[in-house]
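Numbering (my numbering), first residue to last: 17 to 318.
Glycine included, C-beta positions come from ideal geometry on N, C-alpha and C.
In this text, all values refer to a predicted model and were calculated from it rather than measured experimentally.
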Amino acid sequence: MLENYRIRTDLALETTERFKEDNVEIRGVVIHENYDQEKDIRTTVVKIETENGAKAMGRPQGTYITIEAPNLSIPDEDYHREISEEIARHLRQLINLKEETSVLVVGLGNREITPDALGPHVVGNLRMTRHIIREYGISGIGEEKAHRVSGIVPGVMAQTGMETLEIIQGVVAETKPEVVIAIDALAARSTKRLNRTIQITDTGINPGSGVGNHREGINEENLQVKVIGIGIPTVVDAATIVHDAMSHLLEALDEAEQKEFLEEMISPQLHSLFVTPKDVDETIKRLGYTLSEGLNMAFAQV
Numbered sequence: 017m018l019e020n021y022r023i024r025t026d027l028a029l030e031t032t033e034r035f036k037e038d039n040v041e042i043r044g045v046v047i048h049e050n051y052d053q054e055k056d057i058r059t060t061v062v063k064i065e066t067e068n069g070a071k072a073m074g075r076p077q078g079t080y081i082t083i084e085a086p087n088l089s090i091p092d093e094d095y096h097r098e099i100s101e102e103i104a105r106h107l108r109q110l111i112n113l114k115e116e117t118s119v120l121v122v123g124l125g126n127r128e129i130t131p132d133a134l135g136p137h138v139v140g141n142l143r144m145t146r147h148i149i150r151e152y153g154i155s156g157i158g159e160e161k162a163h164r165v166s167g168i169v170p171g172v173m174a175q176t177g178m179e180t181l182e183i184i185q186g187v188v189a190e191t192k193p194e195v196v197i198a199i200d201a202l203a204a205r206s207t208k209r210l211n212r213t214i215q216i217t218d219t220g221i222n223p224g225s226g227v228g229n230h231r232e233g234i235n236e237e238n239l240q241v242k243v244i245g246i247g248i249p250t251v252v253d254a255a256t257i258v259h260d261a262m263s264h265l266l267e268a269l270d271e272a273e274q275k276e277f278l279e280e281m282i283s284p285q286l287h288s289l290f291v292t293p294k295d296v297d298e299t300i301k302r303l304g305y306t307l308s309e310g311l312n313m314a315f316a317q318v
């Protein structure tokens with residue numbers, strides 16, 4: 017019943033779980049799950065193949081790859097490198113990187129708000145090559161072939177007075193990338209996925225949608241180039257915490273009693289409150305580096 021109380025999530029995987037709980041099969045949606053026991057990494061690929069499936073899911077048609085890594089919040093360099101390798105592998109599958117490609121990486125979010133600063137941190141750690149290739153040619157970076165990588169941190173409307181999409185459209189029109197990769201912090205419906213889950217999708221990103229602050233979508237329709245969206249949930253709705261804490265009690269109640277109980281426990285004020293872990297400063301830096309390394313690995317070879 018959690019969805020009835022406007023618990024927000026940016027993860028397609030969590031949307032499919034809602035239907036599983038109700039024993040409802042979603043037509044036009046294909047789900048494939050793989051668990052690597054050695055690395056303790058669970059990968060779920062959700063493909064929305066039809067308009068009916070998109071309507072049921074409330075998301076655009078496309079592919080949604082979710083990497084669940086319980087130890088992602090732990091400062092283990094070897095483990096984080098394995099995650100970076102997974103990110104690179106999935107990116108190569110979604111983008112044709114067999115030929116030289118011009119890529120624009122967009123770090124969405126507000127650098128001044130730590131849980132929302134994931135995108136800027138990722139862009140800050142990327143190896144940019146476009147300017148070197150333009151100035152000195154491919155030989156300038158010591159390779160025979162190389163991808164042209166550039167990046168931008170457009171900020172948020174409160175800082176710039178402009179829609180993020182407007183800024184990106186201007187940059188895309190001027191630099192003409194073949195692919196745009198948008199990085200953003202997401203919101204989760206489950207506390208267990210907070211800072212432990214990565215979503216990669218070929219449908220782009222809607223900045224702020226997880227916290228109810230809808231902005232124009234960063235997608236292929238609006239930019240006229242292929243857009244890959246990558247995000248990690250860094251905040252969770254406070255109402256989710258209430259629900260998770262009471263989950264065992266709710267199991268003992270029938271549907272009518274659950275509804276009455278949740279109406280009393282989850283006040284309207286909770287729906288404007290989002291929570292993040294106390295060590296979010298270090299976590300965002302670490303996750304930002306892990307994502308950027310995944311991108312650097314994906315762009316390292318042609």
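- Take I111, set aside five residues on each side of it, and the residues of its chain with a beta-carbon closer than 6 Å to its own are V195, in chain order.
- Per the coordinates, the alpha-carbon of S100 lies some 19 Å from the alpha-carbon of E49.
- Cβ-Cβ distances below 7 Å link A104 to G310, M313, A314 in the same chain, with the five nearest sequence neighbours on each side left out; the list follows chain order.
- Residue pairing by DSSP places N50 opposite T59 in a beta bridge.
- When the five nearest sequence neighbours on each side are left out, the beta carbons in the same chain lying within less than 6 Å of the beta carbon of R58 are those of Y51, E84, in order along the chain.
- About 6 Å separates the Cβ atoms of S166 and M144, confirming a contact at the 8 Å cut-off.
- When DSSP states are grouped into helix, strand and coil, Q215 belongs to the strand group.
- A Cβ-Cβ contact shorter than 7 Å links I216 with I81.
- Residue pairing by DSSP leaves P170 without any beta bridge partner.
- Judged by DSSP secondary structure, D94 falls within the alpha helix (DSSP H) whose first and last residues are 93 to 110.
- In the DSSP assignment, G69 falls within the unbroken alpha helix (DSSP H) covering 67 to 73.
- Note: T82 is bridge-paired with T60, Q215 in the DSSP secondary-structure output.
- Counting every other CB atom within 10 Å of its CB across the protein chains shown gives V46 a total below 16, marking it as exposed.
- The continuous beta strand (DSSP E) containing P249 extends over residues 242 to 253.
- Pairwise C-beta distances place the segment 196 to 212 in contact with the segment 250 to 262, as three or more of them are shorter than 8 Å.
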